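Those protein sequences? They're chains A and B, same order as listed. By the numbering used here, the letter at position 45 of the first sequence is numbered 45, and the numbering carries on one by one without gaps. Counting the second sequence from 1 gives a position; the numbering used here is that position plus 1000.
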Amino acid sequence: MSPNSREILAVSELPPEGAKLSRIWDWCVVAAVALLFMGAIHLHVMLTVGDWDMFIDWKDRQFWVLVTPVSMLMIPAALQAVFWHYFRLPIGMTLGAVLLLIATWITRYVGWHLWGYFPFTMGVPATMIAGALACDAILLIVRSSLLTSTFGGFVFALLFYPSNWASLAPYFIPIEHQGMVASVADMIGYVFPRSGTPEYIRMIERGTLRTYEGTTVWISSFFAGVICIFMHMLWWRIGLAFSTQRFVDSSKRFKKFVGLA
Amino acid sequence: MSTASVAIPVPRESSGADRKAGHYVRFNLFAFGVIVMVAMFGAFRMYQQVFAWEYGLDATAPEFETYWMTLVKIEIPVLFGLGFVCWGYLWLTRDRNMSALTPKVELQRYFSFTLWLVAYTFAIYFIGSFFAEGDGVWHQTVLRDTPFTPSHNVLFYACIPTYIFFSVGGFVYAITRLPAFSRGISVAHVLAVLGPVLILPNLGFNEWGHAYWLTEEIFSHPLHWGFVVLGWNALALPGVALQMIQRMVPLFHEVFGDMPAKPAD
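This is the structure:
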């Protein structure tokens, strides 16, 4: 037995058999957390970010950069609160980000590619792992939910665009199409028909947005950062509120049913 | 059949089989449940692959009735029927003398309850992620004509009854076999069960909206946010885990160590 294992047993005040059983329970919890939050976070992001995450030609500089980090932060912030408040583990945001990406890629392949025959290039999902790591690291350093919301929430949103840049850059290359400027992502959208999602409902950049040129995306990121600060505060508290350990007294009649009266 | 416990003094020092992990955690039934779910969900996905494009495009076609409505007519009564049988069995075989429960049996039951919850989360993954985005695949590609489509017939009418089977089953198991969850009803557990269960009636709102508004298929449309809010209730399961930990820690010491467990609050 390693010194580390001996130390763990001493802290647990359990014999090896008890510690082994307790470890089995831990693994059950790991499996449950992974499955539960792959489902819950993916459902949440799918139905709030939706097309912005599903399609390459929806990844614009105005709304994709704004909507995606705000929505992707919510449940991971609640997870971060639970893991930190009860277990002092600064892993909640990163865990949420990783589980979401795994769940998303599974359906992008099994669903979109194999069933809908969509090309991979059409459905590249966004990742928030870099921002989530930074937010967890800030929590570890500052050890305060308020400061984590203030700095971590903001950094989470700010890192969203640059951390996705490497995988998306090829699709933002400008091309000329029928005399107009478009991007490679636009072209993929033009030539791959989605009969349930007509082209005209896609958000198109317009107005003065173009005149801001390269700064547009940073303005959107900063705005997302402002919202993420408050969203992190809110969801930290939602996470703690949902994980209530309150019991409401059962009726005497029910207790009698189970021999507790 | 009753599972009434008998008050037998528990020897603190025991070197028998009751100190082995296998005495407390039994994976047989759990493994069976997971294998059934893997087989069922795998079969559904293959069925979609083979018959959706061929016979699932037009709800008025006779082939649609044969291939897709037959599926609904089988899965709803079978899955809900199994649910009622299981929940009824759990209620009828409840512990009728829980005040005499021994720590070892109680610890055993906490592990069984844990496996109910793991099975529940397994089902949640398939509805929340795997088949839910499959629904997006289908409806962003093929316009819906009724609430019965190749993706809905699996997601709504098979996946939802499956996780209701495990969520309600776990709830009935807890309140009929674990003193802490019988003396008081766990608020977190109620949220974790009720939220996802209410997704079933929320289908009415969803389909009503799709029937009357031309939303096209924008997945982030507010029409879908009922599912989002109800899905947030998943956050209550950590509360259930914390309630379990509070009771399991003293039970571990009672069963394996020298520290006597206080009675459950």
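Yeah, the Cβ is synthetic: ideal placement off N, Cα and C, and Gly gets one too. If you're wondering where the values come from, they're calculated on a predicted model, not measured in any experiment.
query: Assumed close pair residue 269/A, residue 242/A - CB separation to whole angstroms, cut-off 8 Å; result: This structure cannot speak to residue 269/A, because chain A is shown only from 1 to 261.
query: Nearest residue (CA-CA) to residue 113/A, options 1098/B, 1133/B, 1119/B; result: 1133/B
query: Cβ contact check for the stretch 1216-1236 of chain B and the stretch 1080-1087 of chain B: 3 or more pairs under 8 Å; result: no
query: Whole-Å CB distance - residue 96/A paired with residue 132/A, under 8 Å assumed; result: 7 Å
query: Cβ separation of residue 39/A and residue 1127/B, assumed to be a contact under 8 Å, to the nearest whole Å; result: 7 Å
query: Residue range of the unbroken alpha helix (DSSP H) whose run includes residue 26/A; result: 16-48
query: Three-way DSSP call (helix, strand, coil) for residue 174/A in this model; result: strand
query: Endpoints, the beta strand (DSSP E) within which residue 248/A is located; result: 247-249
query: At least 3 beta-carbon pairs within less than 8 Å: the stretch 219-237 of chain A vs the stretch 51-66 of chain A; result: yes
query: The stretch 11-22 of chain A touching the stretch 1203-1222 of chain B, judged by at least three CB pairs closer than 8 Å; result: no
query: Neighbourhood of residue 1197/B by C-beta, 8 Å cutoff - its chain only, sequence neighbours within 5 removed; result: 1164, 1167, 1168
query: Pick from 1104/B, 1034/B, 1149/B that is closest to residue 1051/B, judged by C-alpha positions; result: 1149/B
query: Inter-residue spacing [alpha-carbon to alpha-carbon] between residue 1147/B and residue 179/A; result: 43 Å
query: Bridge partner(s) assigned by DSSP for residue 181/A; result: 176/A
query: Short CB-CB distance (under 9 Å) between residue 61/A and chain B; result: no
query: Beta-bridge pairing of residue 1184/B - partner residues as DSSP gives them; result: 249/A
query: Proximity test, Cβ basis, 9 Å: residue 1183/B and chain A; result: yes
query: Residue-chain proximity (residue 22/A, chain B), Cβ-Cβ < 9 Å; result: yes
query: Range covered by the alpha helix (DSSP H) that runs through residue 132/A; result: 129-142
query: Minimum C-alpha distance to residue 1251/B - residue among 19/A, 1/A, 3/A, 10/A; result: 19/A
query: Cα-Cα separation, residue 235/A to residue 1245/B; result: 24 Å
query: Below-9 Å beta-carbon distance, residue 1201/B vs any chain A residue; result: no
query: Any chain A beta carbon closer than 9 Å to residue 1152/B; result: no
query: Residues of its chain near residue 106/A, where Cβ-Cβ distance is below 7 Å and the 5 sequence neighbours each way are ignored; result: none
query: Beta-carbon neighbours of residue 28/A, restricted to chain B and to distances below 9 Å; result: 1025, 1111, 1114, 1115, 1117, 1118
query: Own chain residues within Cβ distance below 7 Å of residue 1122/B, not counting five before or after; result: 1034, 1037
query: Among 5/A, 4/A, 22/A, 3/A, the one whose alpha carbon lies nearest that of residue 1257/B; result: 22/A
query: Within-9 Å CB hit, residue 255/A to chain B; result: yes
query: Three-state class that DSSP yields for residue 1097/B in the structure shown; result: coil
query: DSSP-derived helix/strand/coil call for residue 9/A; result: helix
query: Alpha-carbon spacing of residue 252/A relative to residue 124/A, whole angstroms; result: 56 Å
query: Chain B contacts made by the stretch 40-51 of chain A, where a contact means CB separation under 7 Å; result: 40, 42, 43, 44, 46, 47, 48, 49, 50, 51
query: Given residue 185/A as reference, the closest of 176/A, 167/A, 194/A, 172/A once Cα atoms are compared; result: 172/A
query: Per-residue DSSP class, three states only, for residue 103/A; result: helix
query: Chain A contact for residue 1256/B (CB, 9 Å cutoff); result: yes
query: Anticipated Cβ contact below 8 Å, residue 247/A with residue 1185/B, distance rounded; result: 6 Å
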